[in-house]
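Taking it in order: structure first as structure tokens, then the write-up.
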Amino acid sequence: MTNDWTDIKNSDCILVPGANPAENHPASMAWVNEARDKRGAKLIVVDPRFTRTAATADLYVPLRSGTDIVFLGGLMNYAIQNKLYNEEYVKYYTNALTLVNTDFEGPADLDGLFSGYDAEKRAYDTTTWQYQTEKQTVTVTETDPDTGEEVTVEKEVSVIKQATSLDDPNCVFAHLKKHYARFTPEVVEQVCGTPKDKFLQVAETFCATGAVDKSGTIMYAMGQTQHTVGTQNVRSMAMLQLLLGNIGIPGGGVNALRGESNVQGSTDMALLFHILPGYLGTPRDVDVDFAAYSRRFDTTSYWVNGPRFFTSLMKAWYGDAATKDNDYAYDYVPKITGNYSWITLFEAMYGGNIKGMVCMGQNPAVGGPNARFERKAMENLEWLVVMDLFETETASFWKGPAVQPKDIKTEVFLLPAADALEKAGSIVTSGRRSQWRPQIAAPPGEAKYDIWILTRLANALKDVYAPSSDSKDSPIIDLVWDYGDEPDVELVAREVNGYALEDVKDSSDKVLVNKGELIATFGTIASAADPGTIACGNWLFGGYFYPTDDGTGAVMPAVKRRGQKDPSPYGFYPYWGFTWPANRRIIYNRASARPDGTPWSEDKKVIWWDGDAGKWTGYDVPDFSATKAPDAKADPAKTGLGAQAGTDPFIMQSDGKGWLFAPVKLNEGPFPEHYEPLESPIENPISSVQNNPVIKLWDTDRGEDVGDNVGTADQFPIICSTYRVCEHWQAGAMSRTLPWLAECQPDMFLEIGEELAQEKGINNGDQVVVSSARGRIQMVAVVTKRWRPFTVDGKKVHQVGMPWHFGWQGVATGEVANDLTAHVGDGNTMIPEYKVFLVDVKKA
24 MTNDWTDIKN SDCILVPGAN PAENHPASMA WVNEARDKRG AKLIVVDPRF
74 TRTAATADLY VPLRSGTDIV FLGGLMNYAI QNKLYNEEYV KYYTNALTLV
124 NTDFEGPADL DGLFSGYDAE KRAYDTTTWQ YQTEKQTVTV TETDPDTGEE
174 VTVEKEVSVI KQATSLDDPN CVFAHLKKHY ARFTPEVVEQ VCGTPKDKFL
224 QVAETFCATG AVDKSGTIMY AMGQTQHTVG TQNVRSMAML QLLLGNIGIP
274 GGGVNALRGE SNVQGSTDMA LLFHILPGYL GTPRDVDVDF AAYSRRFDTT
324 SYWVNGPRFF TSLMKAWYGD AATKDNDYAY DYVPKITGNY SWITLFEAMY
374 GGNIKGMVCM GQNPAVGGPN ARFERKAMEN LEWLVVMDLF ETETASFWKG
424 PAVQPKDIKT EVFLLPAADA LEKAGSIVTS GRRSQWRPQI AAPPGEAKYD
474 IWILTRLANA LKDVYAPSSD SKDSPIIDLV WDYGDEPDVE LVAREVNGYA
524 LEDVKDSSDK VLVNKGELIA TFGTIASAAD PGTIACGNWL FGGYFYPTDD
574 GTGAVMPAVK RRGQKDPSPY GFYPYWGFTW PANRRIIYNR ASARPDGTPW
624 SEDKKVIWWD GDAGKWTGYD VPDFSATKAP DAKADPAKTG LGAQAGTDPF
674 IMQSDGKGWL FAPVKLNEGP FPEHYEPLES PIENPISSVQ NNPVIKLWDT
724 DRGEDVGDNV GTADQFPIIC STYRVCEHWQ AGAMSRTLPW LAECQPDMFL
774 EIGEELAQEK GINNGDQVVV SSARGRIQMV AVVTKRWRPF TVDGKKVHQV
824 GMPWHFGWQG VATGEVANDL TAHVGDGNTM IPEYKVFLVD VKKA
């Protein structure tokens, strides 16, 4: 989240596209309802299904799954055409005035593609997406490599060119306007199946938050991300909020509703393959040494400190073995050569290229896409370790449906694990707020908490490799694992926070932190003369375990605080827990003030410039250089934040701007463009490019009973989506084993609209068979008004839905919904496309 759960109450309009917080995040509705009751805020739900959240909304608007880019693009077009965007915010705080390469062409010119596409590689050459630049001579101070002395030299640097008007045909805003001009209300109705009058109600209501005394927030979840264009869906929301000036202010933001407790924390700690803790990029094979890796970080943003954060991380992992002479053990870190995401791993497993898997708190036999394929892939494992509370379908895949146990050679180890309340430690909410959760009860029987299991494994591996003199074994031998035989979670928290290995000094030899003490902020790593004097497991959490006042005078680790004092009028509660970074509740909050440093409005002020004191002040920790004046000029001779102006709020971006146009980082284009899901009942009405042109198309055993099969509308004419219900939890292991929850929702079911049910001769409670190109499963039919057909491009299209919680283990059992979903992912993140696939439905 850019903001926080409690901040929702400050919103004037709450847009919920692709989420169902009333059912899946019920506590959040308290803040939604407070905004409605006290501010008169409007709740708008945009969803293919009439959900429990939709039932409480001021306005419910249906749309066909997989068409969010058109809907959100329509909102942007409406804001632009009706001049409802915050023009001053857009000019100063986004890259709207930045000039783009004159050879750039977009989908409006190239029938759905951007310039630079290579059809054979299914990838883009992004040369024409780059900004226009000009050369400028600057005077810089450098260190002479021979003498070590500082010398002044002149050098030529590239400076990004800016337009003087939003009307310049080569500026970002002009390209944006042209790109979205195609997404008229009529086109939204044609593609999304959303009635035009309903869309215009949404547009008028939400775009009104572009006024400086208003704010609108977006609450989204898997309904936006689990698509082949999931990244661009999320980007569309961010772009809309930038246009309206809703980033960095109370009641605004783009706010992800995380799917379960501590998903945010697991992401922060680098559960994903492409990042290290604190969102440092994972080194790649082309990063041959630390210097090459360091060059990947922007030098004109706060990421100039990335190599410093990496250094402190290596000192946390490898201690004395990480030295300046060996690049702080850079060679110890594995280098990735490609994509190691979920689908890729299971494709490799299916091909026999992965011999073992450790599965902690996950259940891919139920939760993975094309789950029959993934269960088949697990048959190629030599060994499988499952750490969980119960015997999951993954642990028991060898005795699952249509499996002969005698044919399975995999050796399975099931390690009983502790529940969340049977272990102590910190968790992070969707709003980036860390809280300490104490142990409530001891784990039963032989169950052990995660750190205990991992400590035994780490120490056993270190013992095995200890006699080795082979350098390739050094990363295991030199690994610092000093949490005790009965591991102390507070020692882990101390390492995550960061501490001084010796006295930490700045460039003037002033001691910042004494040896052995915790650092109070990640700024210490940035300002230390030698970042190698600090061990820090995650720079973003610098200060989270530091002894801090809880607002009553009591001092304790920041993450353990429960102070209810709130100096702000917004519900920030700065003494409750710790919010990364730097206990900041709203990130990019420099944008809450005008370019001159005064608040946009009294009702929405967060931080503002105090000219007398020469610093930013307010209700939140400034997400900006605290003493940089609003009129400070960008200095191209400098690096880091010195290269950015006093009107550049987005300090993690190379130009300090919010990007309406992305010249780098996104694979399928600098603007979001609509492509149909991999399986769709219609041809793309926007262009001749049917699917996202950069997605990986797997074809393993295509045509076989189990394989990467893709369905067509003539075989499977109905759209299907999966989702969660309140009574069950994720892949079901935590809830289907509990009798009282099983009783609340005992059966796997298909929600089917009344009209489609009538066409199919299906009554409520009938058993039905749902089939896709990947398989067929049986369940009970729930005939409902919650699904209604869409009229899309002149064609009637039906959609149905089912929960994905069921499997063959536990009290409540049912067939696996993901046996029907496709092995295909987003063009950037590879998150599976669970939300759209084609099926047929018949009475059993």
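24 is the number of the first residue of the sequence shown in this note's numbering; add one for each residue after it.
Just so you know, even glycine gets a beta-carbon here, dropped at the ideal spot from N, CA and C.
Can the beta-carbon of L861 be found closer than 8 Å to that of G734? For the purposes of this step, residue 861 is identified with residue 838 of the sequence shown, where counting begins at 1. For the purposes of this step, residue 734 is identified with residue 711 of the sequence shown, where counting begins at 1. A Cβ-Cβ contact shorter than 8 Å links L861 with G734.
Looking only at its chain, what residues have a beta carbon closer than 7 Å to the beta carbon of T232, apart from the 5 residues adjacent to it on each side? As a first step, residue 232 must be located in the sequence shown, where it is residue number 209. In its chain, beyond the 5 residues on either side, D35, C36, S238, G239, L267, N269 have a beta carbon closer than 7 Å to the beta carbon of T232.
Going by CA-CA distance only, name the one from T160, N193, H250, M24 that's closest to R87. Position 64 of the sequence shown, counting from 1, holds the residue named residue 87. For R87, the nearest C-alpha among the options comes from H250.
Span of the beta strand (DSSP E), counted from its first residue to its last, around F222: The residue you call residue 222 lines up with position 199 of the sequence shown. Taken as a continuous stretch (DSSP letters only), F222 belongs to no beta strand (DSSP E), being part of the alpha helix (DSSP H) at 219–230.
Buried or exposed for L720, please, with buried defined as at least 16 other CB atoms from any protein chain shown within 10 angstroms of its CB. For the purposes of this step, residue 720 is taken as residue 697 along the sequence shown, with counting starting at 1. It counts as exposed.
Three or more beta-carbon pairs under 8 Å between the region 330–341 and the region 481–490, yes or no? Contact between the region 330–341 and the region 481–490 is absent: fewer than three C-beta pairs spanning the two stretches fall below 8 Å.
Rounded separation between L524 and E513 - CA only: In the sequence shown, residue 524 corresponds to position 501, counting from 1. In the sequence shown, residue 513 corresponds to position 490, counting from 1. The straight-line gap from Cα to Cα measures roughly 17 Å.
Between the beta-carbon of K378 and the beta-carbon of E397, is there less than 8 Å? The residue labelled residue 378 in the question sits at position 355 within the sequence shown. The residue labelled residue 397 in the question sits at position 374 within the sequence shown. No, the Cβ-Cβ distance between K378 and E397 is not below 8 Å.
Could you tell me which of D619, Y154, P71 sits nearest to F127, measuring between CA atoms? Locating residue 127 in the sequence shown gives position 104, where the first residue counts as 1. Closest in alpha carbon position to F127, among D619, Y154, P71, is Y154.
When the Cα of G527 is compared with those of P498, A558, I499, which residue comes out closest? For the purposes of this step, residue 527 is taken as residue 504 along the sequence shown, with counting starting at 1. The question names Gly, but residue 527 in the sequence shown is Val. Put simply, of P498, A558, I499 the residue whose alpha carbon is nearest the alpha carbon of V527 is A558.
With C-beta atoms as the reference, is D789 less than 8 Å away from K866? As a first step, residue 789 is located in the sequence shown; it is residue number 766 there, counting from the start. As a first step, residue 866 is located in the sequence shown; it is residue number 843 there, counting from the start. A contact, by the Cβ cut-off of 8 Å.
Between which residues of its own chain and A400 is the CB-CB distance below 7 Å, once the five residues before and five after are set aside? Against the sequence shown, residue 400 aligns to sequence position 377. Hits under 7 Å: F369, M372, Y373.
With DSSP run on the structure shown, which of helix, strand or coil describes W599? Within the sequence shown, numbered from 1, the residue matching residue 599 stands at position 576. Here W599 sits in strand by DSSP.
Determine, using beta-carbon pairs with one atom in the region 94–111 and one in the region 208–228, whether at least three such pairs fall under 8 Å. The region 94–111 makes contact with the region 208–228; the number of CB pairs closer than 8 Å reaches 3 or more.
Give the range of the alpha helix (DSSP H) segment to which G246 is assigned. Working through the sequence shown from its first residue, we reach residue 246 at position 223. Element bounds for G246: 245–248.
Please list, in chain order, all residues of the same chain as A464 whose beta carbon is under 6 Å from its beta carbon, the five residues on each side excluded. One-based indexing of the sequence shown puts residue 464 at position 441. Shown here for A464: same chain residues with a beta carbon closer than 6 Å to its own, the five before and five after excluded, namely E445 in chain order.
Grab me the residues of T571's own chain with a C-beta within less than 6 Å of its C-beta, minus the 5 sequence neighbours each way, in chain order. For this step, residue 571 is matched to residue 548 along the sequence shown. Excluding positions up to five away in sequence, the list reads A581.
With DSSP collapsed to three states, give me the class of A53. As a working mapping, residue 53 is identified with position 30 in the sequence shown. If DSSP states are grouped into helix, strand and coil, A53 belongs with the helices.
Specify, as a first and last residue, the run of the alpha helix (DSSP H) that I476 falls within. Counting from one through the sequence shown, the residue named residue 476 turns up at place 453. Looking at the DSSP string, the run of the alpha helix (DSSP H) that includes I476 is 473–488.
In whole angstroms, give me the CA-to-CA distance for F739 and N787. Numbered from 1 along the sequence shown, position 716 holds the residue referred to as residue 739. Numbered from 1 along the sequence shown, position 764 holds the residue referred to as residue 787. Their Cα atoms are separated by approximately 22 Å.
Measuring only the C-alpha atoms, how far is N6 from N278? Residue 6 is absent from the model: the chain starts at 24 and stops at 867.
Just grab the DSSP bridge partners of D795 for me. As a first step, residue 795 must be located in the sequence shown, where it is residue number 772. Checking the sequence shown, residue 795 turns out to be Ser, not Asp. For S795, which the question treats as bridged, DSSP gives the partners G798.
For V820, the nearest candidate out of P85, F137, G63 (CA to CA): Residue 820 sits at position 797 when you count from the first residue of the sequence shown. Ranking the options by Cα distance to V820, first place goes to P85.
Local conformation of V536 per DSSP, three classes: The residue you call residue 536 lines up with position 513 of the sequence shown. For V536, the three-state secondary structure derived from DSSP is strand.
Can you tell me which of the three DSSP states M410 falls into? Here residue 410 refers to the residue found at position 387 when the sequence shown is read from its first residue. In this structure, M410 counts as strand in the three-state DSSP scheme.
DSSP on K432, reduced to helix/strand/coil? For this step, residue 432 is matched to residue 409 along the sequence shown. Here K432 sits in coil by DSSP.
Output the distance between the C-alpha atoms of N256 and F73, rounded to the nearest integer angstrom. Residue numbering aside, residue 256 sits at position 233 when the sequence shown is read from its first letter. Residue numbering aside, residue 73 sits at position 50 when the sequence shown is read from its first letter. Each residue's alpha carbon lies about 21 Å from the other.
Specify the secondary structure class of C194 as computed by DSSP and reduced to three states. Here residue 194 corresponds to residue number 171 of the sequence shown, with the count starting at 1. C194 falls in the strand class under three-state DSSP.
Exposed or buried, Q159, counting other C-beta atoms within 10 Å across all chains shown (16 or more means buried)? Position 136 of the sequence shown, counted from the first residue, corresponds to residue 159. Exposed is the call here.
Alpha-carbon to alpha-carbon, S364 and S419: One-based indexing of the sequence shown puts residue 419 at position 396. One-based indexing of the sequence shown puts residue 364 at position 341. Going from the Cα of S419 to the Cα of S364 covers about 23 Å.
Once the 5 residues before and after S289 are set aside, which same chain residues still bring their CB inside 6 Å of it? If you number the sequence shown from 1, residue 289 lands on position 266. For S289, there are no CB contacts under 6 Å within the same chain when 5 residues up- and downstream are skipped.
If you count every other CB in all the chains shown that lies within 10 Å of the CB of D635, and 16 or more means buried, which is it? Start at 1 with the first residue of the sequence shown, and residue 635 comes out as number 612. So D635 counts as exposed.
Contact under 8 Å by Cβ, G755 with G830: The residue you call residue 755 lines up with position 732 of the sequence shown. The residue you call residue 830 lines up with position 807 of the sequence shown. Yes, the Cβ-Cβ distance between G755 and G830 is below 8 Å.
Rounded distance between the beta-carbons of T478 and P510, thought under 8 Å: Taking the sequence shown and counting its residues from 1, the one referred to as residue 510 is at position 487. Taking the sequence shown and counting its residues from 1, the one referred to as residue 478 is at position 455. Contact between P510 and T478 holds, with the beta-carbon distance rounding to 5 Å and staying under 8 Å.
Buried or exposed: which applies to G97, given that a residue is buried once 16 or more other Cβ atoms fall within 10 Å of its Cβ? As a working note, residue 97 is residue 74 in the sequence shown. By the neighbour-count definition (other C-beta atoms within 10 Å, threshold 16), G97 is a buried residue.
Could you tell me the alpha carbon to alpha carbon distance between R307 and K358, rounded to whole angstroms? Residue mapping note: residue 307 aligns to position 284 of the sequence shown, counting from 1. Residue mapping note: residue 358 aligns to position 335 of the sequence shown, counting from 1. Between R307 and K358, the C-alpha separation is close to 5 Å.
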